[in-house]
Amino acid sequence: MTMNISADLQSLFTWNTKQVFVFLAAEYGTPKNSLNQISLWDGILPTKEHAKFWIHTSNKYRFIDQGTNLRGKEFNLTLHWHVMPKTGKMFADKIVMPGYRLPQEYR
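If you're matching positions, the sequence shown starts at 5 in this note's numbering and goes up one per residue.
Shown next as structure tokens:
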């Protein structure tokens, strides 16, 4: 799978921000588990200047599941971020992008 990922996370940086960890996950439900997550890409933003980015890439990690649960499955792409402070409590948030579907057949 190839992806174009663009984001402006500069507002997450303050005097107390050490770095921000970001990852893109495919999220879907099954009868057994209401939430399944597959990490597709991740990165560390060390500075505010790196926090506005555009990346054209292939998934860094395999998009697989046990069995055939992914065939024809609807899923969301979710961009997660964890703000790692120099001191104090870590903060996390995400943006959910719904409406994706995998094909019924694979080569």
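Just so it is clear, CB atoms sit at the ideal spot from N, CA and C, and this is done for glycine as well.
{"Asked": "Sort Pro-35, Thr-51, Lys-36, Glu-31 by Cα distance to Lys-90 and report the nearest one.", "Found": "Thr-51"}
{"Asked": "Hey, how far is the Cα of Thr-61 from the Cα of Met-7?", "Found": "5 angstroms"}
{"Asked": "Please name the residue, chosen from Glu-31, Gln-23, Val-26, that lies closest to Gly-103 on a Cα-to-Cα basis.", "Found": "Glu-31"}
{"Asked": "Could you please give the first and the last residue of the uninterrupted beta strand (DSSP E) stretch that includes Ile-68?", "Found": "Ile-68 -> no beta strand (DSSP E), and no H or E assigned at all."}
{"Asked": "Taking three-plus beta-carbon pairs below 8 angstroms as touching, is the segment 14 to 22 in contact with the segment 36 to 47?", "Found": "no"}
{"Asked": "Could you pull the start and end residues of the beta strand (DSSP E) that Trp-19 belongs to?", "Found": "Run containing Trp-19: none; DSSP gives neither H nor E here."}
{"Asked": "I need the DSSP call for Gln-23, collapsed to helix, strand or coil.", "Found": "strand"}
{"Asked": "Need the endpoints of the beta strand (DSSP E) that Gln-41 sits in, please.", "Found": "40 to 49"}
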